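Protein chains in written order, with our numbering: chain B, 1 to 312; chain L, 1001 to 1134.
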């Protein structure tokens, strides 16, 4: 057992977060951190400092330095990100309270006076040891998932897909002859399915993976397009659910991106004003790479964000 | 106390972990102790859990599968008490682990059950429950 005493530099954390307006209803904000770019011990201490004791304990329980770091950055990212929007004067990341909904989905427990309606901010986070991301929307449920592009899958892809994915998705993957491409398409599909389940907020068993199909759809109604035809503007990602009536699944829109050349990120958000026969314009996505309290960089439109499908 | 030094990021948490004793062959119930690492100086909280514990062989097989899936270093301690999440398993890892267990033991795990597994012990107990049903 080692005991370290350390000097903490007390820091007014709220003053170093650039305030920002909530995204508009059709817009999504995505913030991400790369743990490898956060090297300063004192900065990490600042992050630890804004966490309540229970979150701090959870971080410290992680086994291994890398895991502790990404767990810490995940909590720091979600607190500092929400604090930026200064909802009801909540600009201090330390003062935010969180809770889980009935099915375990994290949400903000807003502290507000009177009998006000809860603020319309929604968020969802996802993290790997190499990238931590937080998506924010206004008045729309959101689910995000990030995975390393080169993540290894221990099982045979098709065996895995047959066990957990829908028949159509298995067919889609089985048609790919190159094993590398197959693995990457599998990972993309996984992130999309995860993002959908997280957006629904009903937990893994609330929408078992086998009960819905995610597929790429051409702009032409009823068209299925091949992999070669895929281009960001020409296609749409849709979900068909066996359990839900058809019109409910059209309430969800998806985006699939490649982030920082290293990760796939899938974002699923609720669509509003979806009417049959009306083609909805793809939403707008703004992406920031951040080191909370230190620097923010808007990376939309740069090489750090490659849109595979779904948004502009 | 947790600290980050400038040169290396390291956590030195005050933690006391009581390693689970080998499950004795006397009876099926077992008491498991887990010390709670805490950053304050109070005594670690002890949690008691009485459970009809799975056989050590089952737990060991689960540990093996988890080690392989998560590519854990040899010095990473994994026991029945270990939580998948704290070992670094994300949702894809968990699903792969469950699939590995299904293959190893010839069982089928439903999503509701898979969602409730948080520790190695949980997995081992579920496996034995499903094996009993067969």
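Don't be surprised by glycine CBs; every beta carbon is placed ideally from N, CA and C. Quantities reported herein were computed from a predicted structural model and do not represent experimental measurements.
Does residue i come within less than 7 angstroms of chain B when only Cβ atoms are used?
i	result
residue 1086 of chain L	yes
residue 1104 of chain L	no
residue 1115 of chain L	yes
residue 1132 of chain L	no
residue 1096 of chain L	yes
Drop a sphere of 10 angstroms on the beta-carbon of residue i, count the other beta-carbons inside from all chains shown, and report buried for 16 or more, exposed for fewer.
i	result
residue 242 of chain B	exposed
residue 1081 of chain L	buried
residue 298 of chain B	exposed
residue 1129 of chain L	exposed
residue 1068 of chain L	exposed
residue 78 of chain B	buried
Along chain B, which residues have their Cβ under 9 angstroms away from the Cβ of residue i?
i	result
residue 1069 of chain L	154
Going along chain B in order, which residues have a C-beta closer than 7 angstroms to the C-beta of residue i?
i	result
residue 1112 of chain L	205
residue 1101 of chain L	Chain B residues near residue 1101 of chain L: none, gap ~12 angstroms exceeds 7 angstroms.
Hey, residue i and residue j: beta-carbon distance below 7 angstroms or not?
i	j	result
residue 137 of chain B	residue 18 of chain B	no
residue 199 of chain B	residue 134 of chain B	no
residue 1100 of chain L	residue 1127 of chain L	no
residue 50 of chain B	residue 94 of chain B	yes
residue 291 of chain B	residue 132 of chain B	no
residue 76 of chain B	residue 62 of chain B	no
residue 26 of chain B	residue 310 of chain B	no
residue 30 of chain B	residue 287 of chain B	yes
residue 168 of chain B	residue 142 of chain B	no
residue 209 of chain B	residue 193 of chain B	yes
Taking only beta-carbon positions, decide if residue i is within less than 7 angstroms of chain L.
i	result
residue 106 of chain B	no
residue 141 of chain B	no
residue 208 of chain B	yes
residue 62 of chain B	yes
residue 87 of chain B	no
residue 11 of chain B	Confidence in residue 11 of chain B is poor, its pLDDT being 43 and thus under 50, which makes the residue's placement unreliable; the coordinate value appears in the next sentence. Chain L, which has no Cβ nearer than 7 angstroms to the Cβ of residue 11 of chain B, makes this no.
Could you list which residues in chain L have their beta carbon closer than 7 angstroms to that of residue i, in chain order?
i	result
residue 67 of chain B	1088
residue 164 of chain B	1095
residue 194 of chain B	1091
residue 252 of chain B	Under the 7 angstroms cutoff, chain L gives no residues; its nearest Cβ is about 19 angstroms from residue 252 of chain B.
Could you list which residues in chain L have their beta carbon closer than 9 angstroms to that of residue i, in chain order?
i	result
residue 160 of chain B	1095, 1096 and 1099
Residues of chain L with a CB under 8 angstroms from the CB of residue i: which are they?
i	result
residue 190 of chain B	1092
Of all the beta strand (DSSP E) runs that stay within the bounds of the region 75 to 123 of chain B, which reach a length of 3 or more residues? Listed in chain order, the beta strand (DSSP E) runs fully inside the region 75 to 123 of chain B are 98 to 100 and 106 to 108, counting runs of at least 3 residues.
Inside the region 150 to 179 of chain B only - alpha helix (DSSP H) runs reaching at least 4 residues: Segments of the alpha helix (DSSP H) lying fully in the region 150 to 179 of chain B: 157 to 164 and 167 to 174.
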